[in-house]
Amino acid sequence: MKSRLGKARLRVPKSAKRGELVEIRTMAEHPMESGFRYNNVGKLIPRHIATEFVCKYNGREVFRAALHPAVSTNPYFLFYLVAEQSGELVFSWADDRGGAVTEVRTISVT
Amino acid sequence: MPSVSRRRALHVLAAGACLLVVRPATATREALVTALRETFGQSLMARERVKLELPLLAESGNVVPVTVSVDSPMTEADHVSAIHLFAERNHLPQVVSVTLGPWNGKAEFKSRIRLAESQQVLAVAVMSDGSLFSDVADVEVTYSSCG
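As you go down the protein sequences, you meet chains A and B in turn. Just so you know, my numbering puts 11 at position 11 of the first sequence, and the rest follows in order with no gaps. Counting the second sequence from 1 gives a position; my numbering is that position plus 110.
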C-alpha cells in the first residue's frame, strides 16, 4: 500500500549567534494509523505510521526519534540545538511503507 | 543478617514498586514490564532529575501534549543520551524514544501523544554514564484514543 507521508513542516531560525540555543520545531503530515482501529465493517485498519525522524547538523546526527503508534496524527517535535557554525540542517522523516521526506534549511551563525 | 545481595534485591524491588505498582494490576502492565526490561535490563531508575509534563486532564486521548525535560549540564562528559516514553495502558507501552547529545544544549523535547485511557505515563532518561532517571505523570483521559 502507498505511503501517506505528506509534507514536513519546519520552524528553524535563519540566523543565530555562536553558542546560542536555538529552538527547532517540526511536524510531518502523516495519518499515524495505529493498527488498533477497526473500520465501520469491523475490519482492522492496517497500521501505517511514521517510524523515524532524524535531524543532522552539518552531517552530524543531533536528534533522532523512534516513533510508535502512540504518537499523534501529524507527529510533532520540538527540540533544541546549540548554534556552532553556519551550515545545513537536514531533517528526514521515514515511515513503515517506505515513504520518506527530507527538508534542508540553512542557518547562518555569527 | 541481611547480605549485600539481598539489600540490592530490595532496592530493585523498591524501585520497581514505586514505578509500577502505584496502580492495581492491568492487562498491559506485564507488557510494560517486558518493554522496560528489554530497553533497560534490570537497572535501577531513581525518580529524580526528569520532569514529565502532561495535562492532568486530557479531553481527547488522541492529542495529548507532552514535555520532557532533564536536569543535565549537557556537556561532553555529562549529558542525556536518550529519553524514552511509556504508557502502561496503551496497546503498546512504547510511545517514543529520542536520542540526544551535548550538541542539544538543553535536554528537553516536546511532542504530542495518544493515550488509550486514563493512566500513568513514564519517562526514562538515559545519561551518558549509563545511569537512569525517571518521572511519572497521571493523566485523566475523557475521550480515549486507539494508541
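All C-beta atoms in this analysis are idealised placements derived from N, C-alpha and C, irrespective of residue type, glycine included.
According to the DSSP assignment, A/THR106 belongs to the beta strand (DSSP E) that extends over 100-109. Scanning chain B for C-beta atoms nearer than 9 angstroms to the C-beta of A/VAL82 yields MET184, PRO212, TRP213, ASN214, GLY215, LYS216, reported in chain order. If you ignore the 5 residues before and after B/PRO203, its C-beta comes within less than 7 angstroms of the C-beta of THR138, ALA141, LEU142, ALA145, PHE196, ALA197, all in its own chain and listed in chain order.
With contacts defined by Cβ atoms closer than 8 angstroms, A/ALA66 and B/SER207 form a contacting pair.
Here B/SER241 is exposed, its C-beta having fewer than 16 other C-beta atoms within 10 Å.
The alpha carbon of B/SER228 has as its nearest neighbour, out of B/LEU164, B/ARG159, B/TRP213, B/GLU218, the alpha carbon of B/LEU164. The three-state secondary structure of B/ARG157, taken from DSSP, is coil. Under the Cβ criterion of 8 angstroms, B/THR144 is not counted among the residues facing chain A. Counting of Cβ neighbours within 10 angstroms places B/GLU218 among the buried residues, the total reaching 16 or more.
For the region 220-247 of chain B, the residues whose beta carbon sits under 9 angstroms from a beta carbon of chain A are, in order, LYS220, SER221, ARG222, ILE223, ARG224, LEU225, ALA226. Check the Cα spacing between A/PHE91 and each of A/ASN74, A/ARG97, A/VAL109, A/GLY59: the tightest is with A/GLY59.
Of the other Cβ atoms in all chains shown, 16 or more fall within 10 Å of the Cβ of A/TYR57; this residue is therefore buried. Under a 10 Å Cβ-count criterion, B/LEU210 is classified as buried, with 16 or more other Cβ atoms of the shown protein chains found around its own Cβ. When beta bridges are read from the DSSP output, B/ASP248 appears opposite B/GLN230.
Between the beta-carbon of A/THR110 and that of A/LYS17 there is about 6 angstroms, and that keeps the pair under the 8 angstroms contact cut. Sequence-ordered contacts of the region 43-70 of chain A with chain B read TYR57, ARG60, GLU61, VAL62, PHE63, ARG64, ALA65, ALA66, LEU67, HIS68, PRO69, ALA70 [C-beta pairs closer than 8 angstroms]. Cα atoms of B/ARG159 and B/ALA235: separation of roughly 9 angstroms, rounded to the nearest angstrom. For B/SER254, none of the residues of chain A pass the 9 angstroms Cβ criterion, the least Cβ distance being about 11 angstroms. The beta carbon of A/GLN85 sits closer than 8 angstroms to the beta carbons of ARG18, ASN58, VAL109 from its chain, once the five residues preceding and following it are set aside; these are given in chain order.
Chain B has no Cβ within less than 8 angstroms of the Cβ of A/PHE91.
DSSP lists B/ARG222 as the beta-bridge partner residues of B/PRO175. The beta carbons of A/SER34 and A/GLY98 sit no closer together than 8 angstroms. Note: A/ILE24 is bridge-paired with A/PHE79 in the DSSP secondary-structure output. Under the Cβ criterion (8 angstroms, minimum of three pairs), the region 20-28 of chain A counts as touching the region 72-87 of chain A. Counted as a single uninterrupted DSSP element, the stretch harbouring A/LEU89 is not any alpha helix (DSSP H) but the beta strand (DSSP E) occupying residues 87-95.
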